[in-house]
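According to the numbering used here, the residues represented by the sequence shown are 635 to 866, in order.
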Amino acid sequence: MRRRRGLEPIAPHSHMSYAQNFLHMCFGDVPEQVIVDAFEQSMVLYAEHSFNASTFAARVVTSTQSDIYSAVTAAIGALKGSLHGGANEAVMHDMIEIGSAERASEWLSGKLDRKDKIMGFGHRVYKNGDSRVPTMKAALTRVAAARDGQRWLDIYEVLEKGMAQANGIKPNLDFPTGPAYYLMGFDIGAFTPIFVMSRITGWTAHIIEQTASNALIRPLSEYVGPPQRALS
Numbered sequence: 635m636r637r638r639r640g641l642e643p644i645a646p647h648s649h650m651s652y653a654q655n656f657l658h659m660c661f662g663d664v665p666e667q668v669i670v671d672a673f674e675q676s677m678v679l680y681a682e683h684s685f686n687a688s689t690f691a692a693r694v695v696t697s698t699q700s701d702i703y704s705a706v707t708a709a710i711g712a713l714k715g716s717l718h719g720g721a722n723e724a725v726m727h728d729m730i731e732i733g734s735a736e737r738a739s740e741w742l743s744g745k746l747d748r749k750d751k752i753m754g755f756g757h758r759v760y761k762n763g764d765s766r767v768p769t770m771k772a773a774l775t776r777v778a779a780a781r782d783g784q785r786w787l788d789i790y791e792v793l794e795k796g797m798a799q800a801n802g803i804k805p806n807l808d809f810p811t812g813p814a815y816y817l818m819g820f821d822i823g824a825f826t827p828i829f830v831m832s833r834i835t836g837w838t839a840h841i842i843e844q845t846a847s848n849a850l851i852r853p854l855s856e857y858v859g860p861p862q863r864a865l866s
């Protein structure tokens with residue numbers, strides 16, 4: 635990230651925590667503790683999440699007896715998609731487009747009228763709310779207080795309430811994480827790589843587990859095309 639800004643890289647320090655080192659190596663100093671704590675919490679929340687798309691991709695590749703590098707590469711490719719790891723970036727782009735809490739309701743109504751997908755809401759598993767969100771929303775609230783980010787928190791509240799009233803759909807982890815990372819000072823394009831940095835611990839654990847008791851993952855499909863025809 636420093637290279638993209640034309641800055642020289644910074645070496646890590648052995649006396650710093652992982653989160654402190656990463657933030658220091660990105661920004662040149664260690665930010666206030668509330669930022670370090672929020673970033674560390676986000677990494678823990680993102681680290682592992684059962685058989686999501688990227689983890690499943692890693693296990694499928696591992697099941698072919700390919701190497702760990704290929705498995706992680708496949709996982710990154712899956713996580714890059716906007717419906718998976720790219721969602722936190724989309725959330726922040728939406729909030730910037732909205733600009734203020736006063737415009738949030740009108741923006742949301744327009745999206746819903748057009749049946750557009752609202753990024754950062756809904757989950758394939760959590761139908762009654764993502765259990766990770768309260769922790770990350772609390773972290774976002776503290777970060778917003780430390781970094782003069784009440785505007786983003788106000789937009790968050792309007793969208794959260796509007797979605798609950800419109801269709802009962804609740805936020806997922808990407809919704810509070812997007813503005814939290816933005817207020818920490820990260821470029822939006824760095825959000826997904828940070829997700830990868832966190833999730834690689836979970837991927838690696840799954841890869842090790844798959845390798846230890848391996849069987850080729852080969853789902854069957856149901857053919858729904860034209861009936862059988864003669865070859866000639």
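Just so it is clear, CB atoms sit at the ideal spot from N, CA and C, and this is done for glycine as well.
### Task
Report the three-state DSSP secondary structure of PHE685 (helix, strand or coil).
coil
### Query
Are there three or more Cβ pairs, one per stretch, closer than 8 Å when the stretch 688-705 is compared with the stretch 738-756?
no
#### Entry: Start and end residues, alpha helix (DSSP H) containing PRO873
A question about residue 873 goes unanswered here, because the residues of the chain that appear run from 635 up to 866.
### Message
With H, G and I counted as helix, E and B as strand and the rest as coil, what does DSSP make of PHE809?
### Response
helix
### Message
Taking the alpha carbon of GLN772 as the reference point, which residue from ALA672, VAL664, CYS660 and TYR652 has its own alpha carbon closest?
### Response
Reading off the sequence shown, one finds Ala at residue 772, where the question assumed Gln. Out of ALA672, VAL664, CYS660 and TYR652, ALA672 has the C-alpha closest to the C-alpha of ALA772.
#### Entry: Where the alpha helix (DSSP H) through ASP737 begins and ends
Correcting the residue identity first, residue 737 is Arg in this sequence and not Asp. Counting along the chain, the alpha helix (DSSP H) containing ARG737 begins and ends at 735-747.
### Query
Would you call the stretch 761-772 and the stretch 728-738 in contact, with 3 or more CB pairs under 8 Å?
no
### Task
Taking the CB atoms as reference points, tell me whether ASP821 and ASN722 lie closer together than 7 Å.
no
### Query
Any chance the stretch 704-717 sits against the stretch 674-689, with 3 or more Cβ pairs inside 8 Å?
yes
### Message
Check whether the stretch 700-707 and the stretch 795-815 are in contact - that is, three or more C-beta pairs closer than 8 Å.
### Response
no
### Query
Measuring CB to CB, does LEU787 end up less than 7 Å from ALA778?
yes
### Task
Classify ARG833 as buried or exposed, calling it buried when 16 or more other Cβ atoms lie within 10 Å of its own Cβ.
buried
#### Entry: Three-way DSSP call (helix, strand, coil) for PHE755 in this model
strand
### Message
Quick check on LYS761: does DSSP put it in helix, strand or coil?
### Response
coil
### Query
Using the rule of at least 16 other Cβ atoms within 10 Å of the residue's Cβ for burial, across every protein chain shown, is GLN699 buried or exposed?
exposed
### Message
My parser needs the alpha helix (DSSP H) runs of 4 or more residues fully inside the stretch 676-728; what are they?
### Response
687-697 and 702-713
### Exposure label - ASP728; buried when at least 16 CB within 10 Å
buried
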